[in-house]
Every structure is written in structure tokens, then in C-alpha cells.
Amino acid sequence: MKPIYIPKGAAKEYCNYALNIYTGCPHRCYYCFAPLVLHRNKEEFHSHVEPRKNIVEETRKQIEIYDIKDKLIQLCFTCDPYPTGYDTSTTREIIKLLKETGNHVQILTKGDGTRDFDLLDENDYYGITLDGTPTTDLIRANLNSLAEAHSRGIKTWVSFEPVTDDKAFFVELHLVSLIVDHVKIGKLNYFPSDIDWADFGKRAERLCKELEIDYYIKDSLREEMGK
Ligand code: SF4
Numbered sequence: 025m026k027p028i029y030i031p032k033g034a035a036k037e038y039c040n041y042a043l044n045i046y047t048g049c050p051h052r053c054y055y056c057f058a059p060l061v062l063h064r065n066k067e068e069f070h071s072h073v074e075p076r077k078n079i080v081e082e083t084r085k086q087i088e089i090y091d092i093k094d095k096l097i098q099l100c101f102t103c104d105p106y107p108t109g110y111d112t113s114t115t116r117e118i119i120k121l122l123k124e125t126g127n128h129v130q131i132l133t134k135g136d137g138t139r140d141f142d143l144l145d146e147n148d149y150y151g152i153t154l155d156g157t158p159t160t161d162l163i164r165a166n167l168n169s170l171a172e173a174h175s176r177g178i179k180t181w182v183s184f185e186p187v188t189d190d191k192a193f194f195v196e197l198h199l200v201s202l203i204v205d206h207v208k209i210g211k212l213n214y215f216p217s218d219i220d221w222a223d224f225g226k227r228a229e230r231l232c233k234e235l236e237i238d239y240y241i242k243d244s245l246r247e248e249m250g251k
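Residue 53 in our numbering is what sits at position 29 of the sequence shown, and the numbering runs on without skipping anything.
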């Protein structure tokens, strides 16, 4: 088992290395691709969440054998490092291990990672997903955690992928503009949407420039913009 891996395709646009800590994710995003990628039953994926077997030990072994250091590693792609309602102490152990061995983390969550901010520094990224679906309370909590990370000197980022509500996107981009170091913007794929992606992409890019936000537009949205 090699828990640290090199993502492919659209996932590679996020990070050069990744590690998935849990077997499932309770957040039930309707567009979640993880059960498909993992060949898992959707209901089981969302309801059965535990750390992957020996994940910390196997990661330690891999780091030692392959002398992995100075890598920025995404936590996670096929799960959330902070699955709401579950024990996430394994995430803390993984972050400790990665930092102790000279690596860095790029966290992406819909949960709450504030407990582990003491382990992070200016070489790490703490990120949240804003896709236009969360409740006001959840957005507020996530923005609070982003602001706290920013105030501690941890790099911050937001994944606006997939955009499910273009109006919400423009409001949220303004909201994070002063506390975010980087944003990624991607379209909703494989599900119906009435968003005019070419127009949306151009307006999104223009606003990022106006607000002086470092941004990356995912390839599938960039393709639409070129049409
Ligand atoms: S947070 Fe990510 S892994 Fe979890 S359900 Fe949503 S898309 Fe899937």
C-alpha cells in the first residue's frame, strides 16, 4: 500500500501529490464522484466512514522507503480529512507525520479543521469548498475557519468547484477576497446546469483580476470559455 500517490486528470490540477485518509465521507454532496472512482456503493460510502487500515503506519513506511520530503500533499481527494461527526484524530496523526518528515499539506474540507491549526505553518494550505450548496450557518463556520487560518499565517485557499450557483459564487468570492491566497474555479460536470459557462468563466476571471486574487480556472471550464 502506497498512501501517497500522484493524482491523474482533473485531480492533478489540484496538487501533485495526494493522500486519502478515510474509507468514506458523510457530507453527501450530490455531485460526489468518489464512490464511482472507488467502485463503491454510494450509500455505503457516505455511511461507513473510518480511517483506512493502518494508514498512518503505511504512510510512515512509504515516506521512509522512498525518502519523501519537501512535497505538498493534498488531504484528501476521495474523502474529506474532517468528516463531520466522526473521530478525526487520524488526520492529526497524518499531518504530524507529514510535517515531521519535512512535507507540507494542502487541506480541503467541508468540515472543521481548526483543531489542527497548531500543526500548520506558512508552507501549508488550509482550504474550504464553496460550491453554492451549503447552508448559511455552514458557510459562516467555514469562513470563520478560513479567516482564523489566514490570521495565523497559514496559506488559505478556496475550491469553487463545482460551481452550482453562479450568483452565490460572485457573493462568496467577494466574501473571501481579503482572507484567501488562492482560489480554484471549476464547472459542474456530468450534472445538468443552466449556467452559461462561457459567460460565467469570463466574468469570474474578470472579478478575480479586479479583486487581485490569485486564481486557477480548471481546464474543463477554460475549454467552455474558449468556445
Ligand atoms: S466532501 Fe468531497 S468526498 Fe465528501 S461527499 Fe462531498 S465531494 Fe464527496
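A virtual CB, placed ideally from N, CA and C, is assigned to each residue, including glycine. Since this is a predicted model, take the numbers as computed values, not measurements.
- With contacts defined as CB atoms closer than 8 Å, residue 131 and residue 151 qualify as a contacting pair.
- Nearest neighbour of residue 237 by Cα position, chosen from 220, 169 and 207, turns out to be 207.
- Residue environment: residue 40 is assigned as exposed (fewer than 16 neighbouring CB atoms within 10 Å of its CB, all protein chains considered).
- Residue 189 has its CB no nearer than 7 Å to any heavy atom of ligand 1.
- Boundaries of the beta strand (DSSP E) harbouring residue 43: 41–43, taken from the DSSP string.
- For residue 52, the Cβ falls inside the 7 Å cut-off from some heavy atom of ligand 1.
- By the criterion of at least three beta-carbon pairs nearer than 8 Å, the stretch 156–171 is not in contact with the stretch 73–80.
- In the structure shown, the three-state DSSP call for residue 85 is helix.
- Excluding residues up to 5 positions away in sequence, 184, 228 and 241 lie with their Cβ nearer than 6 Å to the Cβ of residue 209 in the same chain.
- Your pair residue 127 and residue 95 checks out as a contact, with CB atoms roughly 5 Å apart and the cut at 8 Å.
- Taken atom to atom, the span from the alpha-carbon of residue 119 to that of residue 177 is near 17 Å.
- In the structure shown, residue 242 adopts coil according to DSSP, grouped into three states.
- In this structure, ligand 1 has no non-hydrogen atom nearer than 7 Å to the beta-carbon of residue 39.
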